[in-house]
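Residue numbering for the sequence shown follows the working numbering, beginning at 1 and increasing consecutively.
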Amino acid sequence: MKAKDIMTKELLSVEKSITVEEATQLMDKHNIGALVVLSPIKDILGIFTERDLVRRVVAKKLDPAKIKIEKVMTPSVMVAQANDSAMDLLEVMFCEKFRHLPVVDGRTVVGIISLKDFYKCLLENTK
1 MKAKDIMTKE
11 LLSVEKSITV
21 EEATQLMDKH
31 NIGALVVLSP
41 IKDILGIFTE
51 RDLVRRVVAK
61 KLDPAKIKIE
71 KVMTPSVMVA
81 QANDSAMDLL
91 EVMFCEKFRH
101 LPVVDGRTVV
111 GIISLKDFYK
121 CLLENTK
């Protein structure tokens with residue numbers, strides 16, 4: 001099974017200039033745990049996750065309405081290729097303590113894979 005077979009294809013991405021408050025409102029509205037941050041030419045600049053919110057905003061008592069996402073996102077993002085083995089990615093995510101990985105096909109972002117995607121796949125394949 002490949003990453004493209006289990007990833008979430010409806011990727012919600014944002015630009016680096018939005019505030020943390022705007023980002024968390026999007027995450028809440030769409031019931032997701034991460035946003036991929038893209039440049040205007042669609043290059044990946046980073047990822048903003050629930051963990052970033054807790055560690056870099058809430059724990060430091062920053063104002064989410066004033067702080068830009070680029071200041072608190074994770075800038076060095078590991079990505080998965082669409083044809084990577086899903087099981088290999090699960091191992092990487094476990095070892096690196098990642099819950100989300102953007103998925104690319106070449107240089108184009110085509111989705112995101114999360115632990116929730118693995119859970120869903122497991123449930124579907126054990127029935």
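Where a beta carbon is used, it is the ideal one built from N, C-alpha and C, also for glycine.
Take L122 and list the residues in its own chain whose beta-carbon comes closer than 6 angstroms to its own, dropping the five residues that flank it on each side. none
Closest to D43 by CA distance: which of T24, K97, K71, P75 is it? P75
Which of helix, strand or coil DSSP assigns to T126: coil
In the DSSP assignment, what residue or residues form a beta bridge with P102? I112
Going by DSSP in three states, A65 sits in which element: helix, strand or coil? coil
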